[in-house]
């Protein structure tokens, strides 16, 4: 089967950077299938890239190679990684970009890519997406070996999991999507803890005491809490961008707790 | 031949939603060819999506599968459709998105997709692009049957055709494109009615009494009326966005009529 | 091998124009591999398109067909070109879009595409991307001949090369990229002239007297001069868009010269 390679970058669609990476890949492995994943990750926003990668990687077949480039530290001592996670391959910088997929993986093997370059063939110091990551993906796709050194240690973003326990859980907004929906790091299953007691969830000015199925369950312009397509609790407004309407930003605190009134009632 | 699947969405390029759909498609039918049609349809703008689909669908080979997701009513009772129009297949929500391609089709067969899901395999209530439309396209692409129920009834947008008759025709702007060109629902052939009499066309502050071949037929910054690449009359400004310059918006009225001065002259 | 066709346009991702071109290509040559290069070239910005094409073309295998559409003069007498440059093919309007790749090519053959169209099959006057350039690429990809007339003359942009000589070189900003990095037309090798004497480079308010390896060599928010991935001198700010921070625009002057203080010191 043709090797499948997905590309996620913060390069946008107005430059030749994505196209240069594709050229390197196709020159190295002409039968590779290249799949554009997302190229408008906000420039340098590792948190956003890490979340977006979590959104799509699990839907791909085994042996898919995911090349991921959100790399503000390009050329610095940060390492280049090649990860095998549950039968898929991920290639990119060691800056936290793989935090969510590592966190969700059952099996992992992580290698630091060795750079067998010197002289004229040296990679640039400013475009490892082309000169290291696409190069490595091309080598791998054509069945060769990417030189690397096993490591157990990838840089991980903080705050993947909510903190707190029992009936008071503190999470955060991990992503604002294209529609202005605000995605939390509270797995929807967490509401199960409150099966027989009332709860409230708050984030900034927003308060929720119940959970809806989908956007159109409430009137246009009304806020709601629902289980997003990623199985996390999501704050949204029907037909409008919740983030803009309520001034919610990435990393804003989200608190899920027992409702006080209830406590009094018992 | 490899099945061809085009994707049009309002998901943008900064999230994992498009990439998740591609993963579902390729896991279901690894040999499918996925063609990105357009992913920056304004969020929830069914009118825009319907027009854009009309722009490209007819150029594809027979049996192409067009997956179209502009779906603000996701999870509501709106149905999921599978349409066969003149030998091509269209999959998406029943919300008007297929109005223009249905309107232009000689042969049509429309089915409501049945959702044979339950329990753990239930589709999400917020991302049918991934869980129903891409799923159905994948099933079809690998030669299987998508369960469905014949219907004669798809939701249609209003105002596809101009109204009025004879020498007074009232149309509207159906699309503002990336260059700010304003596309009307007046087929260019309509000017034929005025073959021997003078006409004027007006839209907001703009008045035209003749028709140009292309943008550069007038000086930079000047407005013109021309036959667009879609065979509709189009209002444009050479080198600038007409919509911005003249404050024209989608659905603004366009009137084509006999010139009054002429009437007096006869 | 499947023919490879890259597409660069200023059509954006919110219209059906790119998708219509792909439909024409795939209807003409169903086995063609279509690679999206860049679709967000600023509308009508030939300078930007010409630079971006230079960024990626050289990384593609021989016989790749590059279709390039930034075409504000569509429908005017400007010609349609088919170029063979160092074993690759380029198709698009004769408006300067191919300046950088022609400038960098060792071998070139340029033909004006003859348009064997008449009557019902006439190309539109407003969308040659679809009706001439994609059509020609499809013809070529399926192994047929595109009718054309040899020419030695393609329209070239001015100012590809810096002017001045010796120790005073005057260049310009040729591109502002997605990150706000400002790319000059001064090849990095030019600093070699100043091997044993001090130099300064200035552009607007910015002054540099030395050269860095990569963005993170300076503190966040600090400006630096480096060798970009395109082997040209580049002005950047670590973690911020230099163009915005320092008000730099395309075509702004860049001067590289011997440092005066040094002259006094000797």
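Residue numbers (our numbering), protein chains in the order written: chain H, -2 to 263; chain Z, -2 to 263; chain Y, -2 to 263.
Ideal Cβ positions, reconstructed from N, Cα and C, are used throughout, including at glycine.
Closer than 8 Å to chain Y by CB, residue i
{"i": "residue 180 (chain H)", "result": "no"}
{"i": "residue 117 (chain Z)", "result": "Residue confidence is low: residue 117 (chain Z) scores 48 on pLDDT, short of 50, so the model does not pin down where it sits. No coordinate-derived value is stated."}
{"i": "residue 262 (chain Z)", "result": "Confidence is the limiting factor: at residue 262 (chain Z) the pLDDT is only 48, short of 50, which leaves the residue's position unreliable, though a coordinate-based value still follows. No, its Cβ sits nowhere closer than 8 Å to a Cβ of chain Y."}
{"i": "residue 141 (chain H)", "result": "no"}
{"i": "residue 19 (chain H)", "result": "yes"}
{"i": "residue 49 (chain Z)", "result": "yes"}
{"i": "residue 3 (chain Z)", "result": "yes"}
{"i": "residue 56 (chain Z)", "result": "yes"}
{"i": "residue 245 (chain Z)", "result": "no"}
{"i": "residue 183 (chain Z)", "result": "no"}
{"i": "residue 226 (chain Z)", "result": "yes"}
{"i": "residue 39 (chain Z)", "result": "yes"}
{"i": "residue 71 (chain H)", "result": "yes"}
{"i": "residue 223 (chain Z)", "result": "yes"}
Rounded separation between residue i and residue j - CA only
{"i": "residue 8 (chain Y)", "j": "residue 127 (chain Y)", "result": "12 Å"}
{"i": "residue 149 (chain Y)", "j": "residue 70 (chain Y)", "result": "21 Å"}
{"i": "residue 272 (chain Y)", "j": "residue 227 (chain Y)", "result": "The question about residue 272 (chain Y) has no answer, for chain Y in this structure spans -2 to 263."}
{"i": "residue 251 (chain H)", "j": "residue 157 (chain Z)", "result": "46 Å"}
{"i": "residue 26 (chain Y)", "j": "residue 131 (chain Z)", "result": "25 Å"}
{"i": "residue 233 (chain Z)", "j": "residue 239 (chain Z)", "result": "5 Å"}
{"i": "residue 183 (chain H)", "j": "residue 225 (chain H)", "result": "11 Å"}
{"i": "residue 40 (chain Z)", "j": "residue 38 (chain Y)", "result": "22 Å"}
{"i": "residue 11 (chain H)", "j": "residue 57 (chain Y)", "result": "19 Å"}
{"i": "residue 264 (chain Y)", "j": "residue 213 (chain Z)", "result": "Here chain Y covers residues -2 to 263 and nothing more, so residue 264 (chain Y) does not appear."}
{"i": "residue 151 (chain Y)", "j": "residue 222 (chain H)", "result": "59 Å"}
{"i": "residue 102 (chain H)", "j": "residue 80 (chain Y)", "result": "49 Å"}
{"i": "residue 88 (chain Y)", "j": "residue 47 (chain Y)", "result": "13 Å"}
{"i": "residue 14 (chain Z)", "j": "residue 53 (chain H)", "result": "7 Å"}
{"i": "residue 147 (chain Z)", "j": "residue 129 (chain Z)", "result": "17 Å"}
{"i": "residue 243 (chain H)", "j": "residue 210 (chain H)", "result": "21 Å"}
{"i": "residue 175 (chain Y)", "j": "residue 188 (chain Y)", "result": "26 Å"}
{"i": "residue 245 (chain Z)", "j": "residue 173 (chain Z)", "result": "9 Å"}
{"i": "residue 171 (chain Y)", "j": "residue 237 (chain Z)", "result": "23 Å"}
Chain Z within 8 Å of residue i, Cβ atoms only
{"i": "residue 87 (chain Y)", "result": "no"}
{"i": "residue 123 (chain Y)", "result": "yes"}
{"i": "residue 9 (chain Y)", "result": "yes"}
{"i": "residue 211 (chain H)", "result": "yes"}
{"i": "residue 149 (chain H)", "result": "no"}
Neighbour-count burial assignment, residue i, 16 or more Cβ in a 10 Å radius
{"i": "residue 207 (chain Z)", "result": "exposed"}
{"i": "residue 85 (chain H)", "result": "buried"}
{"i": "residue 202 (chain H)", "result": "exposed"}
{"i": "residue 100 (chain Y)", "result": "exposed"}
{"i": "residue 30 (chain Z)", "result": "buried"}
{"i": "residue 192 (chain Z)", "result": "exposed"}
{"i": "residue 248 (chain H)", "result": "exposed"}
{"i": "residue 352 (chain H)", "result": "With chain H represented from -2 up to 263, any question about residue 352 (chain H) goes unanswered, as that position is not in the structure."}
{"i": "residue 140 (chain H)", "result": "exposed"}
{"i": "residue 16 (chain Y)", "result": "buried"}
{"i": "residue 165 (chain Y)", "result": "exposed"}
{"i": "residue 19 (chain Y)", "result": "buried"}
{"i": "residue 110 (chain H)", "result": "buried"}
{"i": "residue 117 (chain H)", "result": "Residue confidence is low: residue 117 (chain H) scores 48 on pLDDT, short of 50, so the model does not pin down where it sits. Its coordinate-derived value is still stated next. Counting Cβ neighbours within 10 Å, residue 117 (chain H) comes out exposed, since fewer than 16 surround it."}
{"i": "residue 119 (chain Y)", "result": "exposed"}
{"i": "residue -2 (chain H)", "result": "exposed"}
{"i": "residue 348 (chain Z)", "result": "Absent from the structure is residue 348 (chain Z), since the part of chain Z shown begins at -2 and ends at 263."}
{"i": "residue 72 (chain Y)", "result": "buried"}
Short CB-CB distance (under 8 Å) between residue i and chain H
{"i": "residue 35 (chain Y)", "result": "yes"}
{"i": "residue 175 (chain Y)", "result": "yes"}
{"i": "residue 16 (chain Z)", "result": "yes"}
{"i": "residue 219 (chain Y)", "result": "no"}
{"i": "residue 81 (chain Y)", "result": "no"}
{"i": "residue 99 (chain Y)", "result": "no"}
Whole-angstrom C-beta distance between residue j and residue i, which should lie under 8 Å
{"i": "residue 198 (chain H)", "j": "residue 253 (chain H)", "result": "5 Å"}
{"i": "residue 265 (chain H)", "j": "residue 64 (chain H)", "result": "The structure shown does not extend to residue 265 (chain H), since chain H is modelled only from -2 to 263, so the question has no answer here."}
{"i": "residue 98 (chain H)", "j": "residue 78 (chain H)", "result": "Not quite, the Cβ-Cβ distance comes to about 11 Å (not below 8 Å), so this is no contact."}
{"i": "residue 179 (chain H)", "j": "residue 229 (chain H)", "result": "That belief does not hold up - the Cβ atoms of residue 179 (chain H) and residue 229 (chain H) are roughly 10 Å apart, past 8 Å."}
{"i": "residue 154 (chain Z)", "j": "residue 93 (chain Z)", "result": "4 Å"}
- Item | Segments assigned alpha helix (DSSP H), at least 4 residues, entirely inside the stretch 221 to 252 of chain Y | 239 to 243
Would you list, in sequence order, the uninterrupted alpha helix (DSSP H) runs of no fewer than 4 residues that lie entirely inside the stretch 105 to 139 of chain Z? Complete alpha helix (DSSP H) runs here, min 4: 131 to 138.
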